[in-house]
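Numbering (our numbering), first residue to last: 573 to 843.
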């Protein structure tokens with residue numbers, strides 16, 4: 573009896589040992605498979621990232637919007653196409669204007685999806701010249717435009733401007749809500765990474781020199797030239813670029829026009 577009991581104990585111990593080895597083997601196998609899967613997913617993510625187009629710096633990387641937006645709404649003036657929509661103090665966005673489908677940028681920026689391919693090419697080609705362009709502003713909601721305008725108003729009021737004068741002066745630098753091109757998704761503010769202040773010195777940066785010479789080839793114009801403030805109603809902004817399409821952009825930039833002048837001539841020709 574004692575011998576059988578000893579054999580039984582040894583068998584139970586041996587069985588526990590086998591189960592322990594089996595568990596250890598299964599754990600190791602799971603660990604190896606998990607590591608392999610993680611490595612595979614990391615490589616796949618790296619490949620996807622490398623194929624994504626980059627606009628500006630890493631913070632400006634463009635990727636498709638996850639939100640479904642309605643197409644651009646509101647009535648355009650007769651004969652006017654979406655890329656030539658005039659938005660200024662005299663041409664307020666209609667009440668039924670709907671935000672276009674957007675392509676989002678990292679950092680909260682976005683542009684009209686129809687503009688995205690041209691913007692992508694322009695930024696890529698600028699960077700290929702060894703320059704460092706950076707988008708600092710793009711599509712804005714009406715609420716954001718109201719906030720920016722009010723901030724400018726408040727700043728001028730603290731400087732001693734009357735409320736009426738503060739409103740007029742603020743509108744020269746920050747469009748009133750409903751009159752800003754940024755609300756259409758067709759405009760972007762681009763600065764040189766090496767000099768990010770929005771002042772007249774921006775025009776001397778290598779990025780702005782390249783953009784002013786080449787933006788028309790991508791359908792963009794310098795929207796607010798230094799000598800057109802009386803027509804645009806906006807002060808000189810050597811960083812604000814607006815998409816109008818390649819044909820219009822070449823005419824505007826080559827002939828030194830602003831969008832208001834171009835549309836006046838175009839309307840006259842159509843008549």
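Every residue gets a Cβ at the ideal spot worked out from N, C-alpha and C, and that includes glycine.
Are the segment 775-795 and the segment 731-751 in contact at 8 Å, needing three or more beta carbon pairs?
no
Starting from residue 675 and walking both ways along the beta strand (DSSP E), at which residues does that stretch end?
The residue labelled residue 675 in the question sits at position 103 within the chain shown. Residues 674-677.
Since residue 815 sits in a beta bridge, which residues does DSSP pair it with?
As a position in the chain shown, residue 815 is number 243, starting the count at 1. Looking at the DSSP assignment, residue 815 forms a beta bridge with 792.
Through-space distance from residue 667 to residue 717, alpha-carbon basis:
Taking the first residue of the chain shown as 1, we reach residue 717 at position 145. Taking the first residue of the chain shown as 1, we reach residue 667 at position 95. Rounded to the nearest angstrom, the two C-alpha atoms are 15 Å apart.
Using the DSSP secondary-structure output, state which residues sit across from residue 663 in a beta bridge.
For the purposes of this step, residue 663 is identified with residue 91 of the chain shown, where counting begins at 1. DSSP, once it has assigned bridges, lists 660 as partnering residue 663.
I'd like to know whether the C-beta atoms of residue 693 and residue 790 end up nearer to each other than 8 Å.
Taking the first residue of the chain shown as 1, we reach residue 693 at position 121. Taking the first residue of the chain shown as 1, we reach residue 790 at position 218. In this structure, residue 790 lies closer than 8 Å to residue 693 by Cβ.
Mind checking residue 788: buried by the 16 CB within 10 Å criterion, or exposed?
In the chain shown, residue 788 corresponds to position 216, counting from 1. So residue 788 ends up on the buried side.
Residue 708 in three-state terms, based on DSSP
Position 136 of the chain shown, counting from 1, holds the residue named residue 708. If DSSP states are grouped into helix, strand and coil, residue 708 belongs with the strands.
If we ignore side chains and look at the alpha-carbon of each, how far apart do residue 730 and residue 808 end up?
The residue given as residue 730 occupies position 158 in the chain shown. The residue given as residue 808 occupies position 236 in the chain shown. Near 23 Å, if we compare the C-alpha coordinates of residue 808 and residue 730.
To the nearest angstrom, how far is the alpha carbon of residue 695 from that of residue 803?
Here the question's residue 695 lines up with position 123 in the chain shown. Here the question's residue 803 lines up with position 231 in the chain shown. Near 29 Å, if we compare the C-alpha coordinates of residue 803 and residue 695.
My parser needs the alpha helix (DSSP H) runs of 4 or more residues fully inside the segment 715-772; what are they?
735-745
Run through DSSP, which three-state label would residue 697 get?
Taking the chain shown and counting its residues from 1, the one referred to as residue 697 is at position 125. Residue state, collapsed to three classes: helix.
Three-state secondary structure (DSSP) at residue 687?
By 1-based counting over the chain shown, the position of residue 687 is 115. Correct three-state label for residue 687: coil.
Do residue 653 and residue 704 come within 8 Å of each other at the CB atom, strictly closer than that value?
The residue you call residue 704 lines up with position 132 of the chain shown. The residue you call residue 653 lines up with position 81 of the chain shown. No, the Cβ-Cβ distance between residue 704 and residue 653 is not below 8 Å.
If you draw a straight line from the C-alpha of residue 795 to the C-alpha of residue 833, how long is it?
Numbered from 1 along the chain shown, position 223 holds the residue referred to as residue 795. Numbered from 1 along the chain shown, position 261 holds the residue referred to as residue 833. Approximately 12 Å between the Cα atoms of the pair.
When the distance is taken between beta carbons, is residue 664 closer than 8 Å to residue 750?
Working through the chain shown from its first residue, we reach residue 750 at position 178. Working through the chain shown from its first residue, we reach residue 664 at position 92. Yes, the pair counts as a contact, with Cβ atoms nearer than the cut-off.
What separation, rounded to the nearest whole angstrom, lies between the Cα atoms of residue 720 and residue 770?
Numbered from 1 along the chain shown, position 148 holds the residue referred to as residue 720. Numbered from 1 along the chain shown, position 198 holds the residue referred to as residue 770. Distance between the alpha carbons of residue 720 and residue 770 is about 14 Å.
Rounded to whole angstroms, what is the Cα-Cα separation between residue 657 and residue 734?
Residue 657 sits at position 85 when you count from the first residue of the chain shown. Residue 734 sits at position 162 when you count from the first residue of the chain shown. Cα to Cα, the separation comes out at about 33 Å.
Could you name the residues of the same chain whose beta carbon sits closer than 7 Å to that of residue 820, not counting the 5 residues immediately before and after it, in chain order?
Looking up residue 820 in the chain shown gives position 248. The residues are 656 and 834.
Buried or exposed: which applies to residue 620, given that a residue is buried once 16 or more other Cβ atoms fall within 10 Å of its Cβ?
The count along the chain shown starts at 1 and reaches residue 620 at position 48. Caution is warranted here: a pLDDT of 26 is assigned to residue 620, below 50, making its placement in the model unreliable, and no coordinate value can be reported.
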